[in-house]
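Trainee: First the structure, which I've put down as structure tokens, then a few questions once you've had a look.
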Amino acid sequence: MWVTLILAMILMATLFFMILVAVALVQSKMLFKSAPKDIQAAALEHEERFRGARMLGWVILAVCAAGFVGVFVYAGWDGLRREYGFWMLAGRYLAMLYLLKAFDILFLDWFLLSKSHFFQHFYPETEGCAGYHQFGFNRREQLARIILFPFIALLLAWICTLA
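Numbered as in this note's numbering, the sequence shown ends at 202 without a single skipped number.
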């Protein structure tokens, strides 16, 4: 259980770091697709903060994405090493996914987007957008992922048991 919690925390930290890098270094409007519509509309393209910032940002995002996948691979490998069965693996993946989603909703959507003014620091033109005060603006997408997670966990467990 501890390994599962640690892996979930690594996923949370990786996701948070990816958002920091995307906002601070990459600064591309195409990464705003999950933001409220008015924030998407108000956000402008910005010049690089320093020469090579975007390239560095994309490289870091790629490394983080690989690390994200690596956490799931390690979770399966560790589960097989500990002789977990299909349902134990599925439970591990489901716990990791739901903990990550709770972090996404509570920390990223509620705190970082609604309370911290983090995004307004890097995109001052979005100051005053109503989207910053609309916690739950993406309920439909969040609910769809929550419903999809058991199927993803079962698929990942099945893939692990094939090995």
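Beta carbons: idealized from backbone N, C-alpha and C, even for Gly.
Note that this is a predicted model, so its numbers are computed, not measured.
1. Go ahead and pull the three-state DSSP assignment for Arg120.
2. Helix, strand or coil for His160, going by three-state DSSP, please let me know.
3. Residues in its own chain within less than 8 Å of Trp126 by CB, not counting five upstream and five downstream?
4. Got a sec? Which residues, its chain only, sit under 6 Å from Gln66 by beta carbon, not counting five neighbours each side?
5. Quick one: grab the DSSP three-state call for Leu83.
6. Taking the continuous alpha helix (DSSP H) assigned at Thr53, which residues delimit it?
Mentor: Inspection of the coordinates gives the following:
1. helix
2. helix
3. Ala196
4. So the qualifying residues of the chain are His85.
5. DSSP, reduced to helix, strand and coil, places Leu83 outside both helices and strands of the structure shown, so it counts as coil.
6. Trp41 to Val60
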